[in-house]
Structures are given as C-alpha cells and as structure tokens.
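Q: Sharing a structure, written as structure tokens. Questions coming.
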Amino acid sequence: MNYSIRFATIQDTQTILDFIIALAKYEKLEHQVTATASQLEKTLFGMSPQAEAILGFEGETPVGFALFFSNYSTFLGKAGIHLEDLFVLEEYRGRGYGKALLEKIQTIAQDRGAGRLEWNVLDWNQSAIDFYESMGAKPVSGWTTYRMVYS
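So this is what it looks like as structure tokens:
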C-alpha cells in the first residue's frame, strides 16, 4: 500500500477546508460550513493553535484527514483527545485508510498520555458506527450532546 500519514502544515490549509466541505456534504450539513481558509490558518497554525490535523495520502494524493483537539476529564484528572472529524473521500473508502487514520490518532493519544479518546457520530451513519465498533469503540449511553452556537 502506497499510503502515508503526516501532520498537516499551514500549506495544507486549503486541503483541510476541502475535506471539511466534503464531509459536510456527506453529512448533508454543507449549509452549516462557514469556515474559511484564513480562519483555519489562524486556529490550526497561528500563535495559539486550537486543534491539530493529520492527512492521509495515497501516493501524493490527499485522500483523508482527521482533526482533533485536547479536552480534559476531571474524573480522570487527565487530558484527552476529542476527534472532531475523521473522513476519507468516498472513492478511497474500503482500502484501510480510515482505520489507519484512527490508529494514528490512537497512537497520538497514547503517546501523549491521554486518559481517553472520544468523538461523536451521527445516529444515521450506520457504516461509521459499524466501523468504530469494529475498532473496539463503545457508544457512551446516558449522555446527550448539547450545543450553543456563537456567530
């Protein structure tokens, strides 16, 4: 397999935005994307980065990405990682790239001493649910996500 994964750099900003838009289209949420390349440059690569991203490549072609950030568990007394996005372009699915990206995030979490790795999945996305469960992930029952959005 001619596949590689690396941390994103500022030169990858447009690629990351393109993946975010592709993910939003897949999730039927494209109308919610307001991120711009300049916002991503600031929040991912500026003076105080808010998140990190890794990119997966088949040869030189970017085929998937994962974007994540630190969170904290008071119960564990440890930082963790929240996986915000994990996405592989449709034409490259089924080749193990999603698994490789998730395994890389797991390695990053373990290397950083994270207490846990968490993410959300849309309840209708059965293929993602099946994939995550095949990787050993368990749903967290009894919790409902709430959100406040600020313009």
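Residue numbering for the sequence shown follows our numbering, starting at 1023 and increasing by one per position. We treat Cβ as the ideally placed atom computed from N, Cα and C, and that holds for glycine.
1) Exposed or buried, Val1110, counting other C-beta atoms within 10 Å across all chains shown (16 or more means buried)?
2) Go through its chain and collect everything with a Cβ distance to Pro1071's Cβ below 8 Å, but skip five positions before and after it.
3) Which class does Tyr1168 belong to by DSSP, given the choice of helix, strand or coil?
4) Between Glu1140 and Arg1134, what straight-line distance do the alpha-carbon atoms span, to the nearest angstrom?
5) Do Glu1106 and Phe1087 have their C-beta atoms closer together than 8 Å?
6) Going straight from the alpha carbon of Ser1095 to that of Ile1027, what length do you get?
7) For a minimum of 4 consecutive residues, which ranges assigned as the alpha helix (DSSP H) are wholly contained in the region 1113-1163?
A: Quick answer:
1) Flag for Val1110 reads buried.
2) Cβ within range, chain order: Thr1065.
3) Here Tyr1168 sits in coil by DSSP.
4) For Glu1140 and Arg1134, the distance between alpha carbons rounds to 15 Å.
5) Cβ atoms of Glu1106 and Phe1087: not closer than 8 Å.
6) Ser1095 and Ile1027 have their C-alpha atoms some 28 Å from each other.
7) Inside the region 1113-1163, DSSP marks whole alpha helix (DSSP H) runs of 4 or more residues at positions 1119-1133 and 1148-1156, from first to last along the chain.
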